[in-house]
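K.L.:
One structure, pasted below without further comment.
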Ligand SMILES: [Zn+2]
């Protein structure tokens, strides 16, 4: 089964390793994503996020982002037989016959734009096609729903309902829609989500979030959010993170199980419609007890979702068809 994955943090892991003086090979490494694992998993496309942690890179978030874009381009140059950059609907149409794995550049932390629309346009020119307004820190554009470190200890966490998009954030939403950079609401506060839902004209995505009524984590989407995203033709990427999947009250013992992924998937499609769901692994951003350990395990996920009550046709939509249609229509 082909795979289209909406979110991974592999570029940031490659950057950290490189900056520590021990660069990793992309052919084969100890991360959850490398070329061998993507091939084993039968990937059609991977979205590669430039994930910037403002706690670590607040001094110069744009520099951190540019270093990851450089790594992305070096991967394309080093593996021209294996990877092809995807930027347009025509690129997507040509992808299945191409045989190579599609690579799409995305950003996780809108603060890298330094609130400057010239930088936003430059990042688009470099190939960035989807961006979250925030990660876990407040920035000039918006407020997030959680802060680092709270996921395991604070349960259930409180959603942020009083701080959403800033004035500049609203302007950014409009500019992103104008240039067809997909707006990604994962990590955004509840208020921010509803601000986006109110001011967007085009469908938007939540690249790596699950269902809050199945597991009450604030990184997940409420039924009302899922419903409005479905009505607007949006796309949600199923996150494999144990903290977002497992409702177990002992937060130190949560597991990432395929059976829980199936429960989230069924709920998300039940509320948002069958066209709403894709995969948003969060690989190389998640750790702990994982049934699906890395990109090579995706065939196990396909089998497990069928065992969990999904039809093969639904699994096919989740694995690549919904995301492929969404990006073909909205890029
Ligand atoms: Zn994330």
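In our numbering, the protein residues as written are 32 to 362.
C-beta atoms are modelled at their ideal positions from N, C-alpha and C, and glycine is treated no differently.
On a predicted model such as this, the values are computed, not experimentally measured, just so you know.
Take residue 297 and list the residues in its own chain whose beta-carbon comes closer than 7 Å to its own, dropping the five residues that flank it on each side.
P.N.:
Taking the first residue of the chain shown as 1, we reach residue 297 at position 266. These residues qualify, in order along the chain: 340, 341.
K.L.:
From the DSSP secondary-structure annotation, give me the bridge partner or partners of residue 74.
P.N.:
The residue you call residue 74 lines up with position 43 of the chain shown. In DSSP, residue 74 forms a bridge with 34.
K.L.:
How would the residue list near ligand 1 read, in chain order, if you kept each one whose beta-carbon is closer than 7 Å to any heavy atom?
P.N.:
Residues flagged by the Cβ proximity filter: 38, 82, 139, 166, 217, 218, 239, 313, 316.
K.L.:
Kindly indicate the opening and closing residues of the alpha helix (DSSP H) around residue 261.
P.N.:
Translated into positions along the chain shown, residue 261 becomes position 230. Unbroken alpha helix (DSSP H) run through residue 261: 254–262.
K.L.:
Within the region 207–286, note down every full beta strand (DSSP E) run reaching 3 residues or more, in order along the chain.
P.N.:
The region 207–286 contains these whole beta strand (DSSP E) runs: 213–215, 266–269.
K.L.:
Among 89, 32, 37, whose alpha-carbon lies nearest the alpha-carbon of residue 213?
P.N.:
Looking up residue 213 in the chain shown gives position 182. Among 89, 32, 37, the Cα nearest to that of residue 213 is on 37.
K.L.:
Please check if any C-beta of chain D sits within less than 8 Å of the C-beta of residue 154.
P.N.:
Of the chains in the structure shown, none is chain D; there is only one protein chain.
K.L.:
Please go through the same chain and pick out, in chain order, the residues whose beta-carbon is closer than 6 Å to the beta-carbon of residue 327, but skip the five residues on each side of it.
P.N.:
Within the chain shown, residue 327 is the residue found at index 296, counting from 1. Around residue 327: 68, 71, 72.
K.L.:
For residue 138, which of helix, strand or coil comes out of DSSP?
P.N.:
Locating residue 138 in the chain shown gives position 107, where the first residue counts as 1. Three-state result, residue 138: strand.
K.L.:
With 16 as the cutoff for other CB atoms within 10 Å, does residue 56 come out buried or exposed?
P.N.:
Within the chain shown, the letter at position 25 stands for residue 56. Exposed, since its Cβ has fewer than 16 Cβ neighbours within 10 Å.
K.L.:
Taking a contact to mean a Cβ-Cβ separation below 8 Å, would you say residue 124 touches residue 351 in this structure?
P.N.:
To locate residue 124, count along the chain shown from 1; it is residue 93. To locate residue 351, count along the chain shown from 1; it is residue 320. No. Outside cutoff.
K.L.:
Beta carbon of residue 149, beta carbon of residue 210: below 8 Å?
P.N.:
Looking up residue 149 in the chain shown gives position 118. Looking up residue 210 in the chain shown gives position 179. In this structure, residue 210 does not lie closer than 8 Å to residue 149 by Cβ.
K.L.:
If you draw a straight line from the alpha carbon of residue 254 to that of residue 109, how long is it in whole angstroms?
P.N.:
Mapped onto the chain shown, residue 254 falls at position 223. Mapped onto the chain shown, residue 109 falls at position 78. Whole-angstrom Cα-Cα distance: 43 Å.
K.L.:
Kindly indicate which residue of 40, 74, 47 has the alpha-carbon position closest to the one of residue 347.
P.N.:
One-based indexing of the chain shown puts residue 347 at position 316. Here the closest residue by C-alpha is 74.
K.L.:
Using the three-state DSSP reduction, which class does residue 288 fall into: helix, strand or coil?
P.N.:
As a position in the chain shown, residue 288 is number 257, starting the count at 1. Reduced to three states, the DSSP call for residue 288 is coil.
K.L.:
Can you name, in chain order, every residue of its own chain whose Cβ lies under 7 Å from the Cβ of residue 120, other than the five neighbours on each side?
P.N.:
By 1-based counting over the chain shown, the position of residue 120 is 89. These residues qualify, in order along the chain: 359, 362.
K.L.:
Measure the CB-CB distance between residue 188 and residue 174 and report whether it falls below 8 Å.
P.N.:
Position 157 of the chain shown, counted from the start, is the residue given in the question as residue 188. Position 143 of the chain shown, counted from the start, is the residue given in the question as residue 174. No. Outside cutoff.
K.L.:
Who are the near neighbours of residue 316 in its chain, counting only those whose CB is closer than 6 Å to its CB and skipping five residues on each side?
P.N.:
Translated into positions along the chain shown, residue 316 becomes position 285. So the qualifying residues of the chain are 40.
K.L.:
Which residues does DSSP list as the beta-bridge partners of residue 39?
P.N.:
Numbered from 1 along the chain shown, position 8 holds the residue referred to as residue 39. Residue 39 pairs with 314.
K.L.:
Need the endpoints of the beta strand (DSSP E) that residue 159 sits in, please.
P.N.:
As a first step, residue 159 is located in the chain shown; it is residue number 128 there, counting from the start. First-last of the beta strand (DSSP E) with residue 159: 159–163.
K.L.:
Looking only at its own chain, which residues have a Cβ that is under 7 Å from the Cβ of residue 231, when we skip the five neighbours before and after it?
P.N.:
Locating residue 231 in the chain shown gives position 200, counting from the first residue. So the list reads 204, 208, 214, once near-sequence residues are dropped.
K.L.:
Can you give me the C-alpha to C-alpha distance between residue 50 and residue 107, rounded to a whole angstrom?
P.N.:
Looking up residue 50 in the chain shown gives position 19. Looking up residue 107 in the chain shown gives position 76. The alpha-carbon atoms of residue 50 and residue 107 are separated by roughly 20 Å.
K.L.:
Contact defined as beta carbons within less than 8 Å: I believe residue 140 pairs with residue 82. What is the distance between those atoms, to the nearest angstrom?
P.N.:
Counting from 1 along the chain shown, the entry for residue 140 is found at position 109. Counting from 1 along the chain shown, the entry for residue 82 is found at position 51. That belief holds up - the Cβ atoms of residue 140 and residue 82 are roughly 7 Å apart, short of 8 Å.
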